[in-house]
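Beneath this line is the structure, given in structure tokens, with notes to follow.
In the working numbering, the protein residues as written are 736 to 1489.
Next up, the structure:
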């Protein structure tokens, strides 16, 4: 910038990559950023030891990359892991979290045996046998069934701790016991899923590897330098070929540091920015006339909306991005061929998140970038997930009674109609767990089973969660470490790591499938979810014959084999799952572009600027602007994932603590000065939901009206970002996931010196 145009960072709409790196270097910040994030390099490990056996594994966490892993074992113990070179996506490398997996297996903090807590929350744990634990649990299940006439008082809270396909056997275990209560939906990406289904008829993204073909890349509300490091090499390659990278984000992230242009948008105003860009594109006639005429529905109506309600000046006022910059990036994006947009999950975690995604989708459609290799509106896909879900599909025991959708549970037969009732599980919004436990009745939730999840770290309004757990009669948690949910449980059952079971993994981002082999024996007394289900079934049937239908098969390889079918084999070009022992396989794609045939899954078969289905679900038919949540505090509080952790996972590993010594709240220096706060001070951040006390770090990477703290579990420290996050819903999610998402980033509060 020249002297006449120099501005404070919080007022700058566009920063060049050179300017960003220069500023980081001056601040000494570059020294703390791993070099590999500025240059794509495959990490290699030489097999220098003899007597090593290799096994195929896959990272099962809720992550874009779902890395293919090679595990080296000697004398029954893991020596080291590395990325599988056969996958052009993983490309022989893992992230820091992936390399920490062996320590997770052998951590001294790992839960080794079934344990019972004499008083919930007291910390008075004692070891019990598996037989004792399952006996106590089965007695409680039978007691509830006798008391309530059903098992609707038994609730399952399970989500993203392990996405190995056979882990859907937890749902199968619940079905095998009867009709129960299930928490449905997802906190992660439901608003965007609905949005893309309204627009295109499905959520389906281009192969990320074809990003190298893009001439223009917009990363909108995502930070792949932290959460999809393997995709970064394709972005780097595109840049090397001349592509421009634009990052739009309220935070100056590591990805933004690598951008050619960084644009700071006001949080929750992404939809206004997209509409402003669309207005300019339409106004200048830069849209793809063939696409909007031949392959789209409602362009005329969308154009009329833009003409009447949107101006670039209005968009600039709403977003904090100058008119000049809005027009510039709209011009560049529309003229590049192909151009792509990566829509991050964080930017749709707002009360207007789905509407914003629809507005961004419209940009890709206007410019004809949907259906192009190197183009697309990239969000995610589930096209490689066509497994049998054999473990999940289990029948209820004969005579099971369930939910009828009415206030009271009916008997097995409706005496007035004389016909059998149609029963189902009782479903509750997964994003309102605490509220639901407190208010659900007839019957109340008595027993909560937690698997692949840590609700105290992942869910919202921690204080309400404490009250909810105190109402429960029994809490059973299946986990590997003594996290806060375990601390608030009655029984904890130790579960296996990915190296101690057989399963199969695919991604919601790339198109590779990976085998996960049992590389070592179960450590201590840990058991897989499938083994636990089989043992509980045996215990239940020993007490009451026919009370559980889950097959008493404990070999995870048998369960894994049952997940494959001819469709999967054909899609991946293999004849047997055993071929995956030679390395991961990629789906056979006729094109790396989703919707390359321009045949969309919408009711009209076209891209729908105007969606009658969206209107049917209570939204605007067009991708119109939707106001963001009104603030209820001076500062907006943002709580994204930390760099080397995922919710409460990984940060608790001993040497990983070097990267996360303790919680920090990041604050803009100008805002801190106004509050009399200095760098390193201990401060209290509070709002209507709760409060946390921690140290402050001053940085211009965020705007003056923002407080940033990363979601993480710090072992031994009383810190939890969920103290500050309520369960307000996002605008979409019900259509495809059964419940709306949650507005995680629409939180507000204040900060004072402690």
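Yeah, the Cβ is synthetic: ideal placement off N, Cα and C, and Gly gets one too.
Source: prediction; values computed, not measured.
Query: Residue 1162 versus residue 1275 - alpha carbon distance; Result: 24 angstroms
Query: Residue 777 versus residue 824 - alpha carbon distance; Result: Confidence at residue 777 is low in this model, with a pLDDT of 35, below 50, so its placement is unreliable and no value can be given for it.
Query: Close Cβ partners of residue 1009 (< 6 angstroms) along its chain, the five nearest in sequence each way excluded; Result: 1094, 1095 and 1098
Query: Coil, strand or helix - residue 1075 by DSSP; Result: strand
Query: 8 angstroms contact criterion, which residue 1303 and residue 1122 should meet: CB distance rounded; Result: 6 angstroms
Query: Helix, strand or coil at residue 704 [DSSP, three-state]; Result: Outside the displayed span of the chain (736 to 1489) sits residue 704, for which this structure offers no information.
Query: Sequence-distant residues of the same chain with beta carbon closer than 8 angstroms to residue 1367, five excluded per side; Result: 1422, 1423 and 1483
Query: Top-ranked residue by Cα proximity to residue 998, from 1012, 1007 and 985; Result: 985
Query: Classification of residue 1354 by the beta-carbon crowding that lies within 10 angstroms, buried from 16 upward; Result: buried
Query: Among 1285, 791 and 1472, nearest to residue 1130 - alpha-carbon criterion; Result: 1285
Query: Extent of the continuous beta strand (DSSP E) run through residue 911; Result: Note, residue 911: premise wrong, no beta strand (DSSP E); alpha helix (DSSP H) at 904 to 912.
Query: Exposed unless 16 or more other CB atoms sit within 10 angstroms - verdict on residue 945; Result: buried
Query: Helix, strand or coil at residue 1444 according to DSSP, with G and I counted as helix; Result: coil
Query: Closest Cα partner of residue 956 within the set 1230, 1448, 1375 and 1329; Result: 1375
Query: 6 angstroms Cβ shell around residue 1210 - same chain, five flanking residues per side excluded; Result: 1183, 1224 and 1225
Query: CA-to-CA distance, residue 1125 to residue 1295, given in whole angstroms; Result: 9 angstroms
Query: Cut-off 6 angstroms between Cβ atoms - residues of its own chain near residue 1027, not counting five sequence neighbours on either side; Result: 1034
Query: As assigned by DSSP and simplified to three states, the class of residue 1177; Result: coil
Query: Supposed contact pair residue 1463 and residue 1485 - C-beta distance, whole angstroms, cut 8 angstroms; Result: Actually they do not touch by this definition, with Cβ atoms about 18 angstroms apart.
Query: Check whether residue 865 and residue 1270 have beta carbons under 8 angstroms apart; Result: yes
Query: Classification of residue 704 by the beta-carbon crowding that lies within 10 angstroms, buried from 16 upward; Result: Only positions 736 to 1489 of the chain appear in this structure, which leaves residue 704 out of reach.
Query: 8 angstroms Cβ cutoff met for residue 966 and residue 1466; Result: no
Query: Sequence-distant residues of the same chain with beta carbon closer than 8 angstroms to residue 1040, five excluded per side; Result: 1357 and 1359
Query: Cα-Cα separation between residue 759 and residue 1248, rounded to whole angstroms; Result: Because residue 759 carries a pLDDT of 39, less than 50, the predicted location of this residue cannot be relied on, and no value is offered for it.
Query: Terminal residues of the alpha helix (DSSP H) in which residue 837 lies; Result: 836 to 840
Query: Cβ pair count under 8 angstroms reaching 3, the segment 1333 to 1341 against the segment 904 to 917; Result: no
Query: C-alpha distance - residue 933 paired with residue 1472, whole-angstrom precision; Result: 13 angstroms
Query: Alpha-carbon spacing of residue 961 relative to residue 799, whole angstroms; Result: 11 angstroms
Query: Same chain only: Cβ atoms within 6 angstroms of residue 1307, ignoring 5 sequence neighbours per side; Result: 1248, 1320 and 1322
Query: Chain-order list of residues whose beta-carbon lies under 7 angstroms from that of residue 883 (same chain, five-residue window excluded); Result: 1178
Query: Spatial distance of residue 1230 from residue 949 (CA atoms); Result: 43 angstroms
Query: Residue 1026 (DSSP reduced to helix, strand or coil); Result: helix
Query: Other residues of its chain near residue 1112: CB distance less than 7 angstroms, five sequence neighbours each side excluded; Result: 1076, 1078, 1095, 1096, 1099 and 1105
Query: Top-ranked residue by Cα proximity to residue 787, from 1024, 870 and 1255; Result: 1255
Query: Buried or exposed by the 16-neighbour rule on C-beta atoms within 10 Å, applied to residue 809; Result: exposed
Query: In DSSP terms, what residue 818 is bridged to; Result: 804
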